[in-house]
Amino acid sequence: MSDRVILREVGLRDGLQLIKSRLDTNTKLAWIKAQAEVGFTEIEVTSFVPISVLPQFADAATVLAGAKKIDNLLPTVLVPNLRGAVMAMDAGAKKITFVLSVSDSHNRANVRRSTDESLAMLREVVAERDNRQDITLVTALATSFGCSMEGAVNDARVTQIAEFLANEGIDEINLADTVGYGDPIQVRRIFTDVKTAVGDLPLAAHFHDTRGLGLANVMAALDAGVRRFDSALGGLGGCPFAPGASGNIATEDTLHLFDRLGVDTGINLGALLEVRRHLAEWLPGEKLEGRLLGAGPANR
Ligand code: ZN
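Under our numbering, the first residue of the sequence shown carries the number 525, and numbering increases by one thereafter.
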């Protein structure tokens, strides 16, 4: 496989939003810098959300400002609404992910409005983006592969929303398996359908390993032509509306898979494992996942 894959670290956002320990700003920046140094070109560094909802991200603007100074790194941020998007743009974010859920119930629980209301708000975000320069606007579709509240999510609805996003001028679409309901056959089918609907628009995959299918889903998405993947160091992450849901696919395990497949990511696995060791020191008492640290890479 010759195309390069972009592996984006989301541990600092998806991973930190549910854990009990608060990570201080300097440690967050040390973590971001360490991953940039081992070859990560995109890292989701924070979320612009109300501090009352997620105090972990009270330092969003400071973290973004610090991350922007790191060489060869494009820091990305998550926003749930127009207000967050404007705050992110004012803080100098150059790549912003607006998140909404395909499942109406999940969207209401997460951002207190219907999916259609979020899509209408997204139009305002696009207008705001168009007033500024050089901002890449991504939309993440949470619960694209199923919802802990509604169960199955209609494939056609995912494709329909993706078409809407392409027409509205969104730069990248991220399909997220927020609650770990996806399986490889479904992942291949939905990504293939969406790709057919939106053409060359970049697609990204965001998998949680809730039921152990995370890396199998990565393989399926890779086969369907996806070249952008999210993962979290130590398998951090979860979803407040999916009880028992474990974290994202572990960055170290995902990178090991890509290395074995001969997929070029530009990231050094051995050096990443050193960062992974630090993670346990930065988040004492937090449960970390991922198989590779204990076993080490397969000896070729
Ligand atoms: Zn997630």
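Virtual Cβ for every residue (Gly too), placed ideally from N, Cα, C.
This structure is a prediction, so every number in the text was calculated from the model and none was measured.
Quick one: give me the first and last residue of the alpha helix (DSSP H) that residue i is part of.
i: N655; result: Looking at the DSSP string, N655 is not in any alpha helix (DSSP H), and its letter there is neither H nor E.
i: F731; result: Counting along the chain, F731 falls outside any alpha helix (DSSP H), though it belongs to the beta strand (DSSP E) covering L727 to F731.
i: I714; result: P708 to V722
i: R632; result: D628 to V635
i: A615; result: Per DSSP, A615 belongs to no alpha helix (DSSP H) and is neither H nor E.
i: V742; result: G738 to D747
Is the beta carbon of residue i less than 8 Å from the beta carbon of residue j?
i: L817; j: L797; result: yes
i: G758; j: A740; result: no
i: G761; j: D538; result: yes
i: A560; j: F572; result: no
i: H630; j: A666; result: yes
i: T600; j: G790; result: no
i: S638; j: C671; result: no
i: D679; j: D640; result: no
i: A644; j: H802; result: no
i: V623; j: V799; result: no
i: H732; j: V750; result: no
i: E813; j: I543; result: no
i: I556; j: A609; result: no
i: L807; j: L793; result: no
Round the Cβ separation of residue i and residue j to the nearest angstrom and send it over; I've been treating them as touching at under 8 Å.
i: L578; j: Q541; result: 6 Å
i: E687; j: V722; result: 7 Å
i: A756; j: V534; result: 5 Å
i: L597; j: I567; result: 6 Å
i: I709; j: S668; result: In fact, because the Cβ distance is near 15 Å, the residues do not count as touching under 8 Å.
i: R815; j: D777; result: 6 Å
i: D788; j: V529; result: 7 Å
i: A612; j: M673; result: With a Cβ gap of about 28 Å, A612 and M673 do not count as contacting.
Would you say the beta carbon of residue i comes nearer than 7 Å to a heavy atom of the ligand ZN?
i: G738; result: no
i: T600; result: no
i: G761; result: yes
i: N691; result: no
i: D538; result: yes
i: T683; result: no
i: H730; result: yes
i: A700; result: yes
i: N678; result: no
i: N772; result: yes
What span of residues does the beta strand (DSSP E) with residue i cover, start to end?
i: I697; result: E696 to D701
i: S571; result: E566 to S571
i: V529; result: First-last for V529: undefined, no H or E at that position.
Heavy atom of the ligand NAP less than 7 Å from the Cβ of residue i, yes or no?
i: L665; result: Within the structure as shown, the ligand NAP is missing, the only ligands being the ligand ZN.
> Contact between the region 683-695 and the region 646-659: three or more CB pairs below 8 Å?
Replying inline: yes
> Just checking, does the region 715-728 make contact with the region 696-707 on the three C-beta pairs under 8 Å criterion?
Replying inline: yes
> Is the region 604-624 touching the region 659-670, taking contact as three or more C-beta pairs under 8 Å?
Replying inline: Because the criterion of three Cβ pairs below 8 Å is met, the region 604-624 and the region 659-670 touch.
>> Count Cβ pairs between the region 736-754 and the region 547-564 that sit closer than 8 Å; are there 3 or more?
In response: no
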